[in-house]
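Going down the list, the protein sequences come from chains A and B.
Position 22 (the first sequence) corresponds to 22 in our numbering; numbering is contiguous.
Position 51 (the second sequence) corresponds to 51 in our numbering; numbering is contiguous.
First comes the structure, then the notes that go with it.
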Amino acid sequence: MNEPILHIRDLAVHLGGREVLSSVDFSLRAGELVGLIGPNGAGKTTLLRTALGLLPPHRGVVTVHGRTARQAQGSLGYVPQRHEFAWDFPISVAKAVATGRTHLTGLLGRRGAEDRAAVDEAIARVGLDGLRTRPVGELSGGQRQRVLVARALALRPRVLLLDEPFTGIDAPTQELLSRLLTELRDEGVAVLMTTHDLAAATALCSRLCLLNRTVVADDEPAALADTDIWLRTFGLERAEQLLRSLGVTR
Amino acid sequence: MSAVLDALTGPWEYDFWRRALLVALLSGLVCGVVGGHVVLRGMAFIGDAVAHAVFPGIAVAFVLGTNLVIGGAVAGVITALLIAVVAQNRRLKEDSVIGIFFAAAFGLGIVILSAAPGYGGSLESFLFGSILGISDSDVVSVAVIGAILLLATALLNSRLVAATLDREQARAVGLPVFWLDIALYVMVTLAIVISLQAVGNVLVLALLVTPAAAARLLTDRLGVMMLLAPAIGAGGSVLGLYLSYAFDLAAGGLIVLTLTGIFVLCWLFAPRHGLVTGARSRRSTAVLEAKS
């Protein structure tokens, strides 16, 4: 098995004096598509933000390509939750996607041939070719999610982190996104996504990492058949609600 | 025709008018460009705060008999930096921090100025502007600072846009978001300082916000907005100055009212988002949809 690109060892993160993550060990390799699963407040977004170098570890180590998370900033693709983006900003789809490479351009922000090619390729991959000049404020929820994914892909990253990419999107975008993530995995990109869509995660991901302040379990979906692990992750006493969200029972 | 030309060129024979026209033009231009970022970030309140914060610096410069523009710039930048640093404390919302500092700075300015002899007249000119009393050295200060601001905006534009669009992602790719905030605060401060003499402390926010807000109503394209805002700012300021000459009324107030008039016209008749034109366009779309 190849070396991990993202390596997290004994990680603890404190926010506002509270321990949000504790003793987290996790690794992500090239060609893996991993789902980060857990209830609200489990620390999923905190884990992504720490891997991006946005939060300092209280204890432990986070490395990306052997460098610290802060040193690796600018090399990871990141798709934040949709509310982080100012959708009322007067900017077209193509220009919004191009902002993903702003840190690579010179002071005047001039974009070279490589920048333009990367942006064109990213827009084509998410199927927004016909909407390049459309102001982002006029897009639907699904189209907005595609813009965020394209902006991350414009960086041509080897690691892609996505925060709740399946939340509030229509069926065509869900299908496109699932196909795209699978293609990226096959191309050797390491993909890590947080999601509450357990059914999609189980169907799509090669590995699931169940998180509730620490890693409860981390394995292939088929190996996570023990209901107790899921109940412990979500702090539930009975399995009905969980099975309902997977579409197993009514 | 020649009467109109005479009316336009008539005041040119006065030195004070030529200086006033130049400062109105430059202030409108620079505030339009910087104001574009202020409006898009939703930081009009910060602009208001900085406008008040430059006051103690101007008061100190007035008492010491030094350059008012430099005095105001120093005080504004110090306050802007204090706001940026204290606002990092997440227990306090940014608008609370701004409220504390700008009121304190304004109070300090009044106390300093009240210690100077004959402060009543000076206070009025600081608060409401005295564009017709601008000196040659002030014009040079405005031109130099204005040119630096236009250059800085051109250089930082793409990074400021990325940070405004999505702060989280901008941080994630390693853009120095905190320093970009500081740079924008300093740019806002300087734009306000060079415009103070045109419209005064109380009204300067209008130069920063109104042209950019009008431009935003006219377009959904960032590049177009960043060209329209300075054009509206400069055009409105010059028109307001001419109106003040024609009717012998306060220049600062008329500049602001002219800009407000342009904003109201845009609000009513902007091609897609105007109250009147937007309603008409929505009606035609509904008719077309009903026919099809």
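Beta carbons: idealized from backbone N, C-alpha and C, even for Gly.
Since this is a predicted model, take the numbers as computed values, not measurements.
inquiry  = So with CB distances below 7 Å, who are the chain A contacts of SER225 of chain B?
reply    = The residue you asked about is not Ser; residue 225 of chain B is Met in the sequence shown. PRO90, listed in chain order.
query = Is HIS83 of chain A buried or exposed, if buried means 16 or more other CB atoms sit within 10 Å of its CB?
reply = Counting the other Cβ atoms within 10 Å of the Cβ of HIS83 of chain A gives fewer than 16, which makes it exposed.
key: Between the CA atoms of CYS209 of chain A and PRO221 of chain A - distance to the nearest angstrom   = Rounded to whole angstroms, PRO221 of chain A to CYS209 of chain A spans 9 Å at the Cα level.
ask   = For ALA96 of chain A and chain B, any beta-carbon pair shorter than 8 Å?
value = So, interface residue.
request  = Check the Cβ-Cβ distances between ARG250 of chain A and every residue of chain B, and say whether any is below 8 Å.
outcome  = Reliability fails at ARG250 of chain A, whose pLDDT of 46 lies under 50, so the model's placement of it is uncertain and no value is given.
query = Listed in chain order, which residues of the segment 162 to 188 of chain B have Cβ atoms closer than 8 Å to some Cβ of chain A?
reply = For the segment 162 to 188 of chain B, the set of positions with a beta-carbon nearer than 8 Å to some beta-carbon of chain A reads ALA162, THR164, LEU165, ASP166, ARG167, GLU168, GLN169, ALA170, ARG171, ALA172, VAL173, GLY174, LEU175 in chain order.
task = Locate the alpha helix (DSSP H) running through ASN2 of chain A, then write down its first and last residues.
result = The continuous stretches of alpha helix (DSSP H) do not include ASN2 of chain A, and DSSP gives it neither H nor E.
key: Segment limits, beta strand (DSSP E) that includes THR64 of chain A   = It is Val, not Thr, that sits at residue 64 of chain A in the sequence shown. Here the beta strand (DSSP E) through VAL64 of chain A covers 59 to 64.
Neighbourhood of ARG59 of chain A by C-beta distance below 6 Å, restricted to the same chain and skipping five residues each side = Within the same chain, ARG59 of chain A has close Cβ partners ALA12.
task = Over the uninterrupted alpha helix (DSSP H) stretch that includes GLU168 of chain B, give me the two end residues.
result = For GLU168 of chain B, the enclosing alpha helix (DSSP H) covers residues 167 to 172.
key: Pairwise C-alpha distance: VAL33 of chain B and THR153 of chain B   = Approximately 8 Å, taken between the alpha carbons.
ask   = Does any residue of chain B bring its CB to less than 8 Å from the CB of ALA86 of chain A?
value = Closer than 8 Å: yes.
key: Coil, strand or helix - ILE8 of chain A by DSSP   = Looking at ILE8 of chain A - three-state DSSP - the assignment turns out to be strand.
key: 8 Å contact criterion, which ILE58 of chain B and GLY71 of chain B should meet: CB distance rounded   = Going by Cβ atoms, the distance from ILE58 of chain B to GLY71 of chain B rounds to 5 Å, so yes, they are a contact pair.
ask   = Exposed or buried, what is ASP129 of chain A when buried is set at 16 or more other beta-carbons lying within 10 Å of its beta-carbon?
value = Exposure of ASP129 of chain A is indicated by the presence of fewer than 16 other C-beta atoms within 10 angstroms of its C-beta.
key: Proximal residues, the segment 189 to 221 of chain B versus chain A, C-beta separation under 7 Å   = So the close ones are ARG216, THR219, ASP220, ARG221.
task = Taking all protein chains shown into account, decide if LEU151 of chain B is buried (16 or more other Cβ within 10 angstroms of its Cβ) or exposed.
result = With fewer than 16 other Cβ atoms within 10 Å, it is exposed.
key: Given 8 Å, three or more beta-carbon pairs between the segment 110 to 126 of chain A and the segment 17 to 25 of chain A   = They do not touch, by the three-pair rule.
key: Under 8 Å from the C-beta of LEU155 of chain B: neighbouring residues of chain A   = Against LEU155 of chain B, the close residues of chain A are LEU107, LEU108, in the order they occur along the chain (beta-carbon pairs closer than 8 Å).
ask   = Which residues does DSSP pair with CYS266 of chain B in a beta bridge?
value = DSSP output for CYS266 of chain B lists no bridge partner at all.
ask   = Nearest-angstrom Cα distance between VAL238 of chain B and MET193 of chain A?
value = C-alpha separation (whole angstroms): 55 Å.
key: Bridge-paired residues (DSSP) for GLU19 of chain A   = Answer by DSSP bridge pairing, in chain order: A:HIS14.
task = Can you check DSSP and say which residues form a bridge with ILE37 of chain A?
result = Looking at the DSSP assignment, ILE37 of chain A forms a beta bridge with A:LEU210.
query = Among B:LEU257, B:GLY278, B:VAL54, B:ARG19, which residue has its Cα nearest to the Cα of ALA103 of chain B?
reply = Looking at B:LEU257, B:GLY278, B:VAL54, B:ARG19, the one whose alpha-carbon comes closest to that of ALA103 of chain B is B:VAL54.
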